[in-house]
Structure formats: C-alpha cells, structure tokens
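In our numbering, the protein residues as written are 1 to 139.
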Ligand SMILES: [Zn+2]
Ligand SMILES: [Zn+2]
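Here it is, written out as structure tokens:
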C-alpha cells in the first residue's frame, strides 16, 4: 500500500489524503495566489490527480477561477486555500502544502512568477531556479 499524507482545512470540514510521492513542489509568487492567500503567494505540491482522495467535505469546496489564472479551490466555511491547477479536473493536482497535517515529504524546488512579486517579497538566497512567469512544464 502506498504511503499517504493527510490534509485538512482550518475548520476540519474538508479532509483529504494524498498518496506519496509528490512529483514536485514550487513557490508561486503570482498576484492571484498572493490575493487568495493574503501572503506572498503559495507553495504547492504537484501529484497525479489519481493520488488525491477527498475523504470528507467535498460539498464544502468552492472553486474560483480568476481571469487568466488557474483555479483556487477553498473551504467555503473557513476559507482555507486547498487546491489549485484545474481542480477538480486535470491530470495533475496542485495542493497547498500548508493544508497538510504531516510532512508531505517534498520541498519546493523552484520559484515561479518571480516578476509578479510584491515589493516586500524578497527572494531567499536558496539557490533554487527562478522563473519570471510560468516555468516550463518539466523544469
Ligand atoms: Zn474549512
Ligand atoms: Zn500562483
């Protein structure tokens, strides 16, 4: 059986689990993630959608599709940002690392949309590759 990691929203209404391993993780500094999260952007892990299982609260998840951007899926009770990408469709799922209750065992590997950063968003000297907007799919 595959190892799994559990996730949930702030109110606990939505619970899900993901089969490891993640394909990758990325810092997204885009303006849409920034507005949605209220902080610099988001840190998302990518896994094939087939590895994601919503255990409860699927009916609480609302999906907002910003013009020109990927969807933001969140809990309608507490507002926690949970999923992105093309949720609930698409081959790959994009999941906010902050939603996990345990270590998802993946670390961010790159910075995306660095040209969209807020003036107060200083990039750390972490040696990770930086992309002005969307990274190439397999970078
Ligand atoms: Zn919630
Ligand atoms: Zn973003």
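C-beta: ideal position from N, C-alpha, C; glycine also.
As the structure is a prediction and not an experimental result, all values here were calculated from the model.
Where does residue i sit, in a helix, a strand or coil, going by DSSP?
i           : result
residue 228 : Lying outside 1 to 139, the shown extent of the chain, residue 228 is not represented and no answer is given.
residue 2   : coil
residue 118 : coil
residue 128 : coil
residue 86  : coil
residue 73  : strand
What's the gap between the Cα of residue i and the Cα of residue j?
i           : j           : result
residue 141 : residue 17  : The shown model of the chain, from 1 to 139, leaves out residue 141, and the question about it has no answer.
residue 38  : residue 9   : 16 Å
residue 93  : residue 84  : 7 Å
residue 54  : residue 125 : 36 Å
residue 95  : residue 1   : 22 Å
residue 102 : residue 4   : 10 Å
residue 74  : residue 27  : 18 Å
residue 57  : residue 44  : 21 Å
Thinking residue i and residue j are a contact (beta carbons under 8 Å), I'd like their distance in whole angstroms, please.
i           : j           : result
residue 82  : residue 14  : 6 Å
residue 149 : residue 133 : This structure does not reach residue 149, given that the chain is present from 1 up to 139, and the question cannot be answered.
residue 22  : residue 104 : 6 Å
residue 25  : residue 107 : 6 Å
On a CA-only basis, which of the options is nearest residue i? Give me that one, please.
i           : options          : result
residue 35  : 110, 77, 64      : 64
residue 222 : 61, 90, 111      : Outside the displayed range of the chain (1 to 139) lies residue 222, so it cannot be described from this structure.
residue 77  : 117, 125, 85, 59 : 59
residue 46  : 117, 130, 90, 68 : 90
residue 79  : 68, 88, 12, 69   : 12
residue 118 : 4, 42, 20, 26    : 42
residue 49  : 57, 87, 56, 71   : 87
residue 31  : 99, 67, 109      : 67
Cβ of residue i within 7 Å of any heavy atom in ligand 4?
i          : result
residue 10 : Ligand 4 is absent from the structure shown, which contains only ligand 1 and ligand 2.
Original post:
Where in the segment 4-69 do unbroken runs of the beta strand (DSSP E), each at least 3 residues long, occur, reported from the N-terminal end onward?
Top reply: Considered as a whole, the segment 4-69 harbours 4-8, 15-19, 24-28, 42-48, 52-56, 61-64 as its complete beta strand (DSSP E) runs of no fewer than 3 residues, in chain order.
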